[in-house]
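Enquirer: Quick one: this structure, given as structure tokens, is what I'll be asking you about.
Residue numbers (this note's numbering): -8 to 60.
Shown next, in the form of structure tokens:
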């Protein structure tokens, strides 16, 4: 019985230790992602009042970005 309790304690300690170490490793070395877009669209608001709208504007005109980057 004592062996079983000791084994369970060691196993739990090992799991906690590995989860701590692996979480640090994952956050310290993130995988770089390269994103490529076929097209980018942006919207321009003809209203130049510089006020934040209370509701989202749904009638904006979208333009395609013409310069590749």
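Each residue gets a CB set at the ideal place from its N, CA and C atoms; glycine is no exception. Here the structure is a predicted model, which means the values were calculated and not measured.
Is residue 39 near residue 54, with beta carbons less than 8 Å apart?
Expert: Result no, Cβ atoms of residue 39 and residue 54 do not sit closer than 8 Å.
Enquirer: For residue 52, report the span of its beta strand (DSSP E) as first-last.
Expert: Note, residue 52: beta strand (DSSP E), 52 to 55.
Enquirer: Along the chain, where does the beta strand (DSSP E) that runs through residue 34 open and close?
Expert: That run of the beta strand (DSSP E) goes 32 to 35.
Enquirer: May I have the straight-line CA-CA distance separating residue -2 from residue 10, to the nearest angstrom?
Expert: Using only the alpha carbons, I get a separation of about 18 Å.
Enquirer: Would you call the CB atoms of residue 56 and residue 31 closer than 8 Å?
Expert: Cβ atoms of residue 56 and residue 31: closer than 8 Å.
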